[in-house]
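Below is one structure, written out as structure tokens; the observations come after it.
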Amino acid sequence: MLTALATLLSHYRRHPGQLAMLLLGLWVASALWSGVQAINVSARDSYARAEALFSTGLDRLERRDDEPLTRDDYLALRRAGLPVSPLLEGEVETADGNRLTLIGIDPLTLPGDSAFATAGSTDELTGFLTSPWQTRLAPDSLAALGVARGEAPGSTPHLAEGQRLPPLVPTPSLPPDTLVMDIAAAARLLDRGTTLSRLVTAPDALATAPDGFVLTRADTLVEPGQLTQSFHLNLTAMALLALVVGLFIVQAALGLALEQRLDLLRTLRALGVSARRLVGLLALELVLLGLVGALAGIVSGVWLAQALLPDVAATLASLYGAEVGAQLYLPWHYWLGGLAVTLGGLFLAGSGVLWRAARLSVLGLGQAQAWRAGFHRQLRRLALAGSGVVALGLALWAWLAAQPPGEGLIAGFGLVAALLLAGALWLPPLLALGLAALARLWRRHPLAQWAVADLQLQLPRLTLAMMALLIALAANLGIGSMVGGFRLTFLDWLDQRLVADLYLRPPPAQFDSVEAWLGERSEVRETLPTRHAEATLREAERDGAARSLERPVSLYGITPGAALVPHWPLLDTRQGREAAWQAFRGGAAFVNEQLAIAEGLSPGDRLIVEATGRRETLPVAAIYPDYGNTRGEVLLATPQLAKRFAGTPSSIGIVLAAGGRAETLSEALRQRFALGSDSLVDQREVKRVATGIFERTFTITRALSALTLGVAALALLASLLAQARSRRRQLAPLWALGVPRARLATVQLAQLGGAALATGLLAVPLGIGLALGLVAVINVAAFGWRLPLHLFPAEMAMTLATAVGVALLAALLPALRLWRTPPRALLAEEEAT
Amino acid sequence: MRQPWIGPLLLTALLLAGCDASQETRQNTGFAGLGEAAGDFAQASPGTPLRFPIDHGPHPDYRIEWWYLTANLENADGEPLGLQWTLFRQALVPPDERPEPAPWAADQLWMAHFAVSQGESHRVAERFARSHSAGNDGQAGVRAAPFRAWLDDWQLASRVEDAASDTFAELSLSAHQDDDRGRFGADITLDAEGPLVPHGEDGFSQKAADGQGSLSSGSMYSGSMYYSQPFWRVDGEVTLDGETQPVTGRAWLDREWSSQLLDERQQGWDWFSLHLASGHKLMAFQLRGGGAAGGDYRSGTWITPDGSPTPLSPGAIQLEPLATATVSGREVPTRWRLEVPSEGLQLVVEAPHAERWMATSVPYWEGAVVARDPASGERLGEGYLEMTGY
């Protein structure tokens, strides 16, 4: 048994290139997959910890007049019998300049089941409640404070402004970059006196908000895990793609290794090794290779994740406000899962090899023509399978169409996967058809005809690599046009939305006086005050038929001023923009696209909205795009929102008159009203920050997509290198017939370049289909809004060129070797066969 | 509502807490070594006079303290109904380590228990708060005169505004709780029909055989300052299971403060307060362990109808469980033989409803009991029984 295994494995000693290729494929597939999974697992751990904290899962109370809550509010509510608990939240800067969230709690009144309330003893509670207090934090937050894990318990690191934190108590259940301490200690550190950030209660502990307060239910606060789900699904899909492409390499290498060992296998069979044992040995070989490849892959995956995590964390924080630890969290199931996926994929890829080995005929001869016949059967099967996948995709499509809008994210990915898979399965039959047509066309050009016939013979071994290339190209194209389209749309939209030059967020008490003061300044052409309120969308009415919705929405008030109206983007109106704005001024509402899609609203519907205890009917005049917003929003004219719902003042957009200088005005504003440094923002700054966030999101997507293409190129190269040696024998007779070596090399390049071009051409419609699926299905399901489809011909040409370039590069090495092989050697090889 | 931190804390907060050896160890380490820190708290000792109304108020220099009200009531149909409301105070730090008054800074911890029981119904609520002893306007606190003890909206307060008169004689209790099982609560008035009664030696109640005069473990007196008002007449309304019923009856209020509670040998406590048909009142308790020769330590007070107390020595009280019931998975004695031979008192004390478990941070049994003649079964009185450490 051992001898047989050693004999089988000795093949790789003679062909170390094949072994390297096999391991490379496994390594790449497993590295990308486990890297992305490491990021996902770590992020989910962070979300789980955050969700177990008090910022989510608890109802919140805030003052209706937007004044800060104080201890007196807390005491008054407690004495009225309401089970509220005070919470203080702020930010501290560490000595190294890191910013950490600081949360002060009262453990005595905090609703239970909070992950923070870890088991403790009497002195722990006393220690928590009394001087010098305690700082509870997750061990992965220690780095931000510059404290080593071993020295953490009890140490009192300095903050940037010189204060010291209370002694540290590592608490693994807390979310990253969050410090939790008693509210007394927090109030002292943040210098907040008796003010509070908010009051919290157990979910649904209060039936209604007490007078003068606004109650926000926990279930209307979106949890970070929910929000970021689509982001992680995206990453997972990309990783899966990389895994599949990597497995194509493995499949190619395994197939080749088997092909070359057929004689050896027959000999072994003839020597009395049973077919079952042979298959067992091959399976054992797979396991050994798989373990090596997977382990190497997982190790590099962790490294990759470590490299990517800071970017991912920054993106998630800015996009969704979800804190993700800067350190990886890798539980045992991560390692096991990574190994299982890689080994499972390997067996899937190797199952064909095992199958063929099992049915090996002891006397069979490797006849090229017989093999071709087999390949024809295989082509039929591929075409059939492709059709099956298409049918499945159509079924998914039909199912999705029947779903309420915004549902079916996973089905959407399924649809996209079906599209890619069908494309890949149909590729070999299509290439074979094309070659057959060419063969007829070029009947009179012997060399061309030979080239076509030769390519037909090569096709079986090239197909897998070509399929990998097709998938990678299509994914690259699809993602490229989604990202590009998104950027165009988003930048446009940002330009349209941000019409004012300056945005000012005065304290609520000063709002009116600031507005009046601005109105008298000569450099101000127009002020655009906004207001906001939290509301419940009770019902929607169409043609007199009412539907109950009961959905939380935000009410947002904008001023339909001369600077804003011409630019504000609208997607759908009833009787044109003019009429819509006319109605808007008169009290009609606009709803954002995500709300319209989610609830099936269209202009002309009437909404029953309840906020701050008032119930109003609002006709919908238009739908507007609202990229990046995670919530449903109803837009009203600011005066309407103030009058009908007592909306709270939010910000004032300031449009400068010609020649008005932003610097002068902001200086005057600061002097007159003692505004904080962050209450006045330049429009350019807003744009810069917003664009930065989206750029970072797509950097990750593009990096993964480029990696996938790289892997596909490797697959192609590996396949070509694998058969280069045997190809030389077939080229030798041609040379002997008088075809110069340069010509032969060119023919080879043309063959592969042509095949790659054909694959690339097929990838274009596939990529467009993919982009369509991404913007029209997946985006809607994940974010609630639809992107217009943008196509970028230059980028497509670039991708095509890449495909051909990759193929030529891959063909170049064998061609070069052919070029440099002395003709005698070629002949010697021919004789050897 | 789960407050995992609170549980261990209350081991020390509740004099009545069950203290097995391991818990006692925790208690000792829990306060930075009871032995060393103990000297920083004031100590209950014999000869400390009771002063009113000041002693109705808090004694923050002592480690723990409570205002403990139990009431045996009946509704208009004569159906019995029980009520307990207790405010516990615990000092977080010794007096000389108190923090400067600052927003939220605290040196006192408060806990309130509230229970209403009728028939098979038994509803329990628990709340917590913090305060600084320098201020008296927090979420919880007690003011001596006019008397007011509160936590959130729960309060036991005087109905007399004039601080110069005895504001403690006319009180009202208001407490309500809303939870997923519905609302329960009480709005009752309490009128004292007799004097305040000091227990033990002029208010110093010894808690172990070697407690008085000598130094027990931790260089502390094992004892407390302890007085009661057992003569309350009650009138008002109680809400239970969504139904509000007019009630009348009588109540018993215990006031106790101490810095050294139990000693480590004591595992639990059975405590009786009885209103007898003769007009007499009886307070009797036994601490299981800590008695002479390692036995149980008993003590009590025999109170005449006009309020004059006779301290009962450990040997004067005979106490023996007759039957147990399984309550919340524990074997709890719900039928007792209680005899005070010097007063010719022979009673069988029985809980008509065994399901009176207080599933609070520190769980214990607290419920109404009926006292009967052992021979004839004649009803001789009623009261409350509290049992811990089971």
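So the sequences go chain by chain: Y and S.
Heads up: the first sequence begins at 779 in the working numbering, then just goes up one per residue.
Heads up: the second sequence begins at 110 in the working numbering, then just goes up one per residue.
Glycine included, C-beta positions come from ideal geometry on N, C-alpha and C.
Just so you know, these numbers come straight off a predicted model, no measurement behind them.
Point to revise | Within 9 Å of chain S by C-beta, residues of the region 901-931 of chain Y in sequence order | key: Asp901, Glu902, Leu903, Thr904, Phe906, Leu907, Thr908 and Ser909
Review point. By Cβ distance below 7 Å, which residues in the same chain neighbour Ala1400/Y in space, the five residues on each side in sequence not counted?
Key: Leu1348, Asp1350, Thr1351, Ala1358, Phe1368 and Pro1381
Exercise for review: Just mark Ala897/Y as buried or exposed, buried being the case when its beta carbon has 16 or more other beta carbons within 10 Å.
Suggested key: Confidence at Ala897/Y is low in this model, with a pLDDT of 36, below 50, so the placement of that residue should be treated as unreliable; the coordinate-derived value is given next. Ala897/Y comes out exposed.
Check your understanding: How many angstroms separate the CA atom of Leu1447/Y from the CA atom of Ile1432/Y?
Key -> 12 Å
**Study point:** Coil, strand or helix - Gln796/Y by DSSP
**Key:** helix
Point to revise | Asp129/S burial status per 10 Å Cβ neighbour count (16 or more: buried) | key: For Asp129/S, the predicted model reports a pLDDT of 29, less than 50, meaning its position is unreliable; a value from the coordinates is still stated below. By the neighbour-count criterion, in which a residue is buried when 16 or more other Cβ atoms sit within 10 angstroms of its Cβ, Asp129/S is exposed.
Review point. Looking at C-beta atoms only, is the number of pairs between the region 1211-1218 of chain Y and the region 1174-1183 of chain Y that lie closer than 8 Å three or more?
Key: no
Check your understanding: Which word fits Trp341/S, buried or exposed, when buried means at least 16 other C-beta atoms lie within 10 angstroms of its C-beta?
Key -> buried
Exercise for review: Work out the CA separation of Val958/Y and Ser951/Y for me, nearest whole Å.
Suggested key: 11 Å
Review point. Which residue's Cα is closest to the Cα of Ala254/S: Ala272/S, Trp176/S and Asp262/S?
Key: Ala272/S
Review point. Would you say Ala962/Y faces chain C, with C-beta separation under 7 Å as the test?
Key: No chain C is present in this structure, whose protein chains are Y and S.
**Study point:** Chain-order list of residues whose beta-carbon lies under 7 Å from that of Ala1083/Y (same chain, five-residue window excluded)
**Key:** Gly813, Ala816, Ile817 and Leu1106
Check your understanding: Could one say the Cβ of Ala893/Y lies closer than 7 Å to chain S's Cβ atoms, at least one of them?
Key -> Legend: pLDDT at Ala893/Y = 35, less than 50; position of this residue unreliable, value from coordinates given subsequently. Not an interface residue.
Review point. Taking the C-alpha atoms as reference points, what is the distance between Pro189/S and Leu860/Y?
Key: 30 Å
Practice item. Could you name the residues of the region 265-287 of chain S whose beta carbon sits closer than 7 Å to any beta carbon of chain Y, in the order they occur along the chain? Key: His285
Practice item. Please check the pair Ala1533/Y and Leu1240/Y, which I expect to be a contact at CB under 8 Å, by giving their CB distance rounded to whole angstroms. Key: 7 Å
Point to revise | Contact set for Leu1056/Y: own chain, Cβ-Cβ below 7 Å, skip 5 residues either direction | key: Leu1043, Leu1046, Arg1047 and Ala1135
Check your understanding: For Leu946/Y, which residues of its own chain have a beta-carbon under 6 Å away from its beta-carbon, when the five flanking residues on both sides are left out?
Key -> Thr913, Ala930 and Ser933
Check your understanding: Where does Arg1329/Y fall in DSSP's three states?
Key -> strand
Exercise for review: Could you give the DSSP three-state label for Trp341/S: helix, strand or coil?
Suggested key: strand
Practice item. Would you check if there are 3 or more beta carbon pairs closer than 8 Å linking the region 1537-1551 of chain Y to the region 1593-1602 of chain Y? Key: No: fewer than three Cβ pairs fall under 8 Å.
Point to revise | Three-way DSSP call (helix, strand, coil) for Ser1616/Y in this model | key: This structure gives no information on residue 1616/Y, because the portion of chain Y shown stretches from 779 to 1611.
Review point. Taking the beta strand (DSSP E) that Arg444/S falls in, what are its first and last residues?
Key: Arg439 to Val449
Review point. Are the beta-carbon atoms of Ala809/Y and Gly1079/Y separated by less than 7 Å?
Key: yes
Exercise for review: List the whole-angstrom C-beta distance separating Leu977/Y from Tyr1112/Y, where the pair is believed to meet the contact cut-off of C-beta under 8 Å.
Suggested key: Not a contact, Cβ separation roughly 39 Å.
**Study point:** Rounded distance between the beta-carbons of Ile426/S and Gly409/S, thought under 8 Å
**Key:** 5 Å
Review point. Nearest chain Y C-beta to Asp149/S closer than 7 Å, yes or no?
Key: no
**Study point:** Per-residue DSSP class, three states only, for Ile1336/Y
**Key:** strand
Point to revise | Straight-line gap, Ser919/Y to Asp955/Y (C-alpha atoms, nearest Å) | key: 5 Å
Point to revise | Contacting positions in the region 250-262 of chain S - beta carbon closer than 7 Å to chain Y | key: Asp261 and Asp262
Check your understanding: Tell me which same chain residues have a C-beta within less than 8 Å of the C-beta of Gly990/Y, skipping the five on either side of it?
Key -> If you ignore the 5 residues before and after Gly990/Y, its C-beta comes within less than 8 Å of the C-beta of Arg841, Arg842 and Asp843, all in its own chain and listed in chain order.
Check your understanding: DSSP state of Phe313/S, grouped into three classes?
Key -> strand
Check your understanding: Which chain Y residues sit within Cβ distance under 8 Å of Arg239/S?
Key -> Asp884, Leu886 and Leu907
Exercise for review: Evaluate the contact criterion for the region 147-167 of chain S versus the region 191-204 of chain S: three or more CB pairs, one atom per stretch, below 8 Å.
Suggested key: yes
Check your understanding: What did DSSP end up calling Ser367/S once you bin it into helix, strand or coil?
Key -> strand
Practice item. Report the residues of the region 964-995 of chain Y with a CB closer than 7 Å to any CB of chain S, ordered along the chain. Key: Ala965, Arg966, Gly971 and Thr972
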